[in-house]
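Trainee: Taking the UniProt record's numbering, I'd label the letters of the sequence shown as residues 1 to 43.
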Amino acid sequence: MDETCNSLLTQSSKKNERPKRKEAAARLKDHLLRFGGSWSERK
1 MDETCNSLLT QSSKKNERPK RKEAAARLKD HLLRFGGSWS ERK
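1) Could you give the distance in angstroms between the alpha-carbon of K22 and the alpha-carbon of L28?
2) Taking DSSP as the reference, what is the three-state secondary structure of N6?
3) Cα separation between H31 and S12?
4) Note down, in chain order, each residue of its chain lying with its Cβ closer than 7 angstroms to the Cβ of A24, except the 5 sequence neighbours on either side.
See the structure below:
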């Protein structure tokens, strides 16, 4: 993970009062439910 995303995840975990690992899991779950397998990385 790059520094920018790491910083955003840290800020989000503090705002939501969750450990960083749980914040990452919650965000991953949300992303998968929203986009499923149809998402692809921008190049």
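All C-beta atoms in this analysis are idealised placements derived from N, C-alpha and C, irrespective of residue type, glycine included.
Mentor: According to the structure shown:
1) 10 angstroms
2) helix
3) 15 angstroms
4) L9
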